[in-house]
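J.: Chains as they are written, first to last, in the working numbering: chain A, 1 to 115; chain B, 116 to 232.
Got a structure for you, written out below as structure tokens; questions coming shortly.
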Amino acid sequence: AQKVTQAQTEISVVEKEDVTLDCVYETRDTTYYLFWYKQPPSGELVFLIRRNSFDEQNEISGRYSWNFQKSTSSFNFTITASQVVDSAVYFCALSEARGTDKLIFGTGTRLQVFP
Amino acid sequence: EPEVTQTPSHQVTQMGQEVILRCVPISNHLYFYWYRQILGQKVEFLVSFYNNEISEKSEIFDDQFSVERPDGSNFTLKIRSTKLEDSAMYFCASSEAEGLQISYGYTFGSGTRLTVV
């Protein structure tokens, strides 16, 4: 069965600190996709990244970076030099590459960045 | 950039009433979804819809729920007789292709917050 675990419920940092949000997933499939979404206080879901299971290259986009490790079934997200605008709930999600591609979300990590 | 549009943004309804949540997916998309997020909790899959029929539904999607694409542009979620526990944010999403072949997967709407009183 598919499962996504985000063990960190809430993280608080001071602006300019680096912060890593953990995500561990379970799936029996060899082909799957992993996602991160940001949910700001306004409530919408903002797509951040999608990774397929065959691409273990780490990705960097500005202050954001993602570390995908198949060996540990983890897909961690790091924000470098955090800013107040990064305050949000961040969700990791998994989808298997068959059927209807439904997303299985983790429980989310609430990040608070203080000035 | 194309958007998935959901209306209304907030709806308050009395327990036992029927409610219809509306979504306009991106025009060339073929796959449609509803997700639910109870306040402070994770986002949960409700149902997927393709070729005018339900492809998959979760345990949450019981007989109280139904979906429809009445006119080729709207995609609706109906809750027949609302309960207090139906209070949640409901997200509509659409995607162009099967297997998430596009790099961004789904496009989510901004959600409808349903409050059942």
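All C-beta atoms in this analysis are idealised placements derived from N, C-alpha and C, irrespective of residue type, glycine included.
Cβ of A:Thr30 less than 8 Å from any chain B Cβ?
T.: It does not: the Cβ of A:Thr30 has no partner Cβ on chain B nearer than 8 Å.
J.: Less than 8 Å between the C-beta atoms of B:Thr120 and B:Thr197, yes or no?
T.: Against a cut-off of 8 Å, the Cβ pair of B:Thr197 and B:Thr120 comes out as no contact.
J.: Kindly give me the distance between the Cβ atoms of A:Phe68 and A:Val4, rounded to whole angstroms, as I take these residues to be in contact under 8 Å.
T.: That belief does not hold up - the Cβ atoms of A:Phe68 and A:Val4 are roughly 14 Å apart, past 8 Å.
J.: Rounding to the nearest angstrom, what Cα-Cα distance links B:Asn166 and B:Tyr221 in this structure?
T.: Cα to Cα, B:Asn166 sits roughly 17 Å from B:Tyr221.
J.: So does the region 12-30 of chain A actually touch the region 80-97 of chain A, counting three or more Cβ pairs closer than 8 Å?
T.: Enough Cβ pairs lie closer than 8 Å, so yes.
J.: Are the C-beta atoms of A:Glu44 and some chain B residue less than 8 Å apart?
T.: Cβ-Cβ to chain B under 8 Å: yes for A:Glu44.
J.: Would you say B:Glu171 faces chain A, with C-beta separation under 8 Å as the test?
T.: So, interface residue.
J.: If you follow the beta strand (DSSP E) that B:Ala208 is in, where does it begin and where does it stop?
T.: Per DSSP, B:Ala208 belongs to the beta strand (DSSP E) from Ala203 to Ser210.
J.: Within 10 angstroms of the Cβ of B:Arg195, are there 16 or more other Cβ atoms? Answer buried if so, exposed if not.
T.: Answer is exposed; the Cβ neighbour count stays below 16.
J.: Rounded to whole angstroms, what is the Cα-Cα separation between B:Arg228 and B:Leu136?
T.: The alpha-carbon atoms of B:Arg228 and B:Leu136 are separated by roughly 10 Å.
J.: Would you decide whether A:Asp86 is buried or exposed? Buried here means 16 or more other CB atoms lie within 10 Å of its CB.
T.: By the neighbour-count rule (16 or more Cβ atoms within 10 Å), A:Asp86 is buried.
J.: Can you check whether the C-beta of B:Val231 is within less than 8 Å of a C-beta belonging to chain A?
T.: Taking Cβ atoms only, chain A never reaches closer than 8 Å to B:Val231, which makes this a no.
J.: Out of B:Thr230, B:Gln126, B:Gln179 and B:Glu183, which has the shortest C-alpha to C-alpha gap to B:Tyr148?
T.: Nearest option by C-alpha distance: B:Glu183.
J.: Is the distance from the Cβ of B:Phe190 to the Cβ of B:Leu161 below 8 Å?
T.: No, these two residues do not count as a Cβ contact at 8 Å.
J.: For B:Phe190, list the residues DSSP reports as bridge partners.
T.: Beta-bridge pairing links B:Phe190 to B:Cys138.
J.: Just to make sure I have the definition right: I need the residues of chain B whose C-beta is within less than 8 Å of the C-beta of A:Thr107. Which are they?
T.: Residues of chain B passing the Cβ test: Gln156 and Lys157.
J.: Check whether the Cβ of A:Phe54 sits closer than 7 Å to any heavy atom of the ligand HEM, and report yes or no.
T.: Among the ligands in the structure shown, none appear at all, so the ligand HEM cannot be discussed.
J.: For B:Phe223, which residues of its own chain have a beta-carbon under 6 Å away from its beta-carbon, when the five flanking residues on both sides are left out?
T.: So the qualifying residues of the chain are Phe206 and Ala208.
J.: Could you tell me the alpha carbon to alpha carbon distance between A:Asn58 and A:Tyr64, rounded to whole angstroms?
T.: Near 11 Å, if we compare the C-alpha coordinates of A:Tyr64 and A:Asn58.
J.: What are the boundary residues of the beta strand (DSSP E) that includes A:Ala93?
T.: That run of the beta strand (DSSP E) goes Ala88 to Glu96.
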